[in-house]
Each structure stands twice: as C-alpha cells, then as structure tokens.
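For the sequence shown, the numbering used here assigns the number 1 to the initial residue and increments by one for each residue that follows.
These notes are about the structure you will find just below.
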Amino acid sequence: MEKDDCLLQWFAFTKKQKEVEAILEKELAEKQKLSLKEFYVLYFLNEQEEHKMILQQLQQLVGLSQSAMSRMIGRMESSACCAYIKRCECEKDKRSVYICLTEKGQHKLIKTIETVTSILEEQFSDTK
C-alpha cells in the first residue's frame, strides 16, 4: 500500500468518526437527554462486575479533565437531574471515591444503547 493511500484512508476514517460522533451527540441529546460522554460513563460502569469504578479510572476511559469529569458526575448524580449514578465510599482507600451505576442508570443505559445501536447501524450500513 502506498503511503498516500494510507494517509487518505486515515483521513477518511477520522472524518467518518467525527461525523458519527456529531450525529450521536445530536441524537442522544434529543432522544435521551444525554451527551455522548455521559453515555460512555453509564456504559463503562455497566461493564464492571459490580457496576462501579474509581473516579480516576473512569475519567481516563471517558477522556475528560478532572474538573470536567467532576462537573459531569455532579450533574449525573443530582436527583433533580437524573440520579443515574452515585458516589460510593471506597473501603480499601478512604481517599478514593467509587462512582456507582444506579438502577435508574441501568434502565437509562438500556434505552440509550438502543438509540446508539440504531444510529451506528445506519451509519455503517453498506449503503453509506
């Protein structure tokens, strides 16, 4: 494969990724009242055995700064907003905080996965 071909494929890939992320952001905001990063939080927590993670680990997966992650976690745990997650004490290290997925968060994730899957199927179908 020529170097130019590799670069062109890379640019096409990143362009498509940005397009899909923009569509996901828009549709999740409209249909689920969630951002894409909030979806990531619910998804990554759900993937853990006990549906909880240390805040710093979750922050690395989601790709936000510490302050941005703290603000988002605050919104997501607010009962006025959604209460999809809650902070739990880490018994091994009292300085650490677990972020735990609530039952309400699990239900929201199920609905959101349906939306995300539908969008991804549409975006990656053979007709595109």
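The beta carbon of each residue, even a glycine, is placed where N, CA and C say it ideally should be.
For this session: To the nearest angstrom, report how far apart Leu109 and Leu7 are at their CA atoms.
Result: By one-based count along the sequence shown, residue 109 stands at place 109. By one-based count along the sequence shown, residue 7 stands at place 7. Their backbone Cα atoms lie some 36 Å apart in a straight line.
Exercise. Is the segment 67 to 82 close to the segment 17 to 24, with three or more CB pairs under 8 Å?
Worked result: no
Exercise. What residue does the alpha helix (DSSP H) around Arg95 start on, and which one ends it?
Worked result: In the sequence shown, residue 95 corresponds to position 95, counting from 1. Unbroken run through Arg95: none, as it is neither H nor E.
For this session: Let me know if Leu58 comes out buried or exposed under the rule of 16 or more other beta-carbons within 10 Å of its beta-carbon.
Result: The residue labelled residue 58 in the question sits at position 58 within the sequence shown. Counting other Cβ atoms within 10 Å of its Cβ, Leu58 reaches 16 or more and is therefore classed as buried.
For this session: Identify every run of the beta strand (DSSP E) within the segment 28 to 78, keeping only runs that are complete inside it and at least 3 residues long; order them along the chain.
Result: 52 to 54
Problem set entry | Glu89 - partner residues in DSSP beta bridges | By one-based count along the sequence shown, residue 89 stands at place 89. Answer is Val97, bridged to Glu89.
Problem set entry | Endpoints, the alpha helix (DSSP H) within which Ser125 is located | Against the sequence shown, residue 125 aligns to sequence position 125. Per DSSP, Ser125 belongs to no alpha helix (DSSP H) and is neither H nor E.
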